[in-house]
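For the sequence shown, the UniProt record's numbering gives the first residue as 1, with consecutive numbering after it. Backbone N, C-alpha and C fix where the C-beta goes; we use that ideal spot for every residue, glycine too. These figures come from a predicted structure and were not determined experimentally. See structure below.
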Amino acid sequence: MPTDLLLIAALITAGLGLWIRRSAIKRQWELAPTIATISASSAAYLTSPHSSAHLGPILYKIFGRWNVEDLFGHTLILVWCSIMVYMFLVRFGDSEAVSCIYTLWVIQPLTILYPIILYSFCMAPETRMWVLNFDDINAGGEVVNIGPPGGWLITYWMLILGLSLYLCLCALRVLTKLRTTDASHGRAINAYIAAVTFYVMAIVFMALHIVTTLKLDTLAQASLYMCVMSWAVAAALSWVLRSGRLGQSDREWSRELDDNLS
1 MPTDLLLIAA LITAGLGLWI RRSAIKRQWE LAPTIATISA SSAAYLTSPH SSAHLGPILY
61 KIFGRWNVED LFGHTLILVW CSIMVYMFLV RFGDSEAVSC IYTLWVIQPL TILYPIILYS
121 FCMAPETRMW VLNFDDINAG GEVVNIGPPG GWLITYWMLI LGLSLYLCLC ALRVLTKLRT
181 TDASHGRAIN AYIAAVTFYV MAIVFMALHI VTTLKLDTLA QASLYMCVMS WAVAAALSWV
241 LRSGRLGQSD REWSRELDDN LS
């Protein structure tokens, strides 16, 4: 299927992006894009049909509940959204102001809403998250139709999608400001904007899939995979622009960065 190929492409792109950023992992101020890339690519796989079919039964034996892989994937999406807001905010430099804004924008909403998300997941029927028919559930590895989704399932999805959209809009707000103040990294910033925009599209497609009769979950998957690819490219490009020439060895890169920052 095309979405399977997109998933493979997204994971390969993320792997290549992490390889390009392999020297950055030694530097504390460059950890955020690397962790965000790992979170986004892991979330893309965990929320995929392949994960539900192959990883789902294994997690069921551990937790006694289906679709735990989807909960993990959605949690990693929130982690990715939280990290990207932070990594864009710190570009402005004022650590005290950044901490206050991050607490207000990210920490407080997550602290309030994530426990409700967990409770909604536990109370909802064990529903496969990426399906052609939203009324289908994964019951022992077989798809069974349960009729219209219940209130807890709708609550779970609306909280996940709403919170993700809110964090993406926060990130876009900061990125728009950065594009006018940091012209030297304009290409990387534009790539980050593209990645966030793709995920906003995934949110819109999935929301319409849930509340209407339109079958848009495949487009939601495709948009998520495009988001991961764009993010990996943006993170790699950002590191290349920050570190300088590609032809130098990792040790020379590190020494040059230390000299510039000291």
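- Under the three-state reduction of DSSP, residue 213 is assigned to coil, being neither helix nor strand.
- Only residues of its own chain outside the window of five on either side were considered, and among them 205 have a CB closer than 6 Å to the CB of residue 219, listed in chain order.
- Residue 85: member of the alpha helix (DSSP H) spanning 68-89, first to last residue.
- In this structure residue 81 is in contact with residue 167, their Cβ atoms being roughly 4 Å apart against a cut-off of 8 Å.
- Taken in chain order, the unbroken stretches of alpha helix (DSSP H) that lie wholly in the segment 144-207 and span 4 residues or more are 151-181.
- Excluding the 5 residues flanking it on each side, residue 7 has same chain C-beta neighbours closer than 6 Å at 48, 225, in chain order.
- One alpha carbon belongs to residue 107, the other to residue 97, and they sit about 14 Å apart.
- Just so you know, the alpha carbons of residue 19 and residue 44 end up roughly 19 Å apart.
- For residue 93, the secondary structure class from DSSP, reduced to helix, strand or coil, is coil.
- Linking residue 156 to residue 120 through their CA atoms gives a straight-line distance of about 5 Å.
- For residue 15, the uninterrupted alpha helix (DSSP H) segment begins and ends at 2-20.
- Annotation for residue 61: the continuous alpha helix (DSSP H) segment containing it runs 56-63.
- Between residue 210 and residue 74, the C-beta spacing is not below 8 Å.
- Excluding its 5 nearest sequence neighbours in each direction, residue 30 has C-beta neighbours in its own chain below 6 Å: 24, listed in chain order.
- If you check the CB distance, residue 164 and residue 195 do not come in under 8 Å.
- For residue 125, no alpha helix (DSSP H) segment is defined, and its DSSP state is neither H nor E.
- Counting along the chain, residue 42 sits inside the alpha helix (DSSP H) bounded by residues 31-46.
- When DSSP states are grouped into helix, strand and coil, residue 27 belongs to the coil group.
- Within a 10 Å sphere around the beta-carbon of residue 21 sit 16 or more other beta-carbons, which makes this residue buried.
- In terms of Cβ geometry, residue 42 and residue 76 form a close pair [threshold 8 Å].
- Nearest Cα to residue 242 within the set 213, 83, 185, 192: 185.
- The residue from 207, 228, 180, 214 with its alpha-carbon nearest to that of residue 197 is 228.
- Excluding sequence positions up to five before and after residue 55, its CB lies within less than 6 Å of the CB of 69, all in the same chain and listed in chain order.
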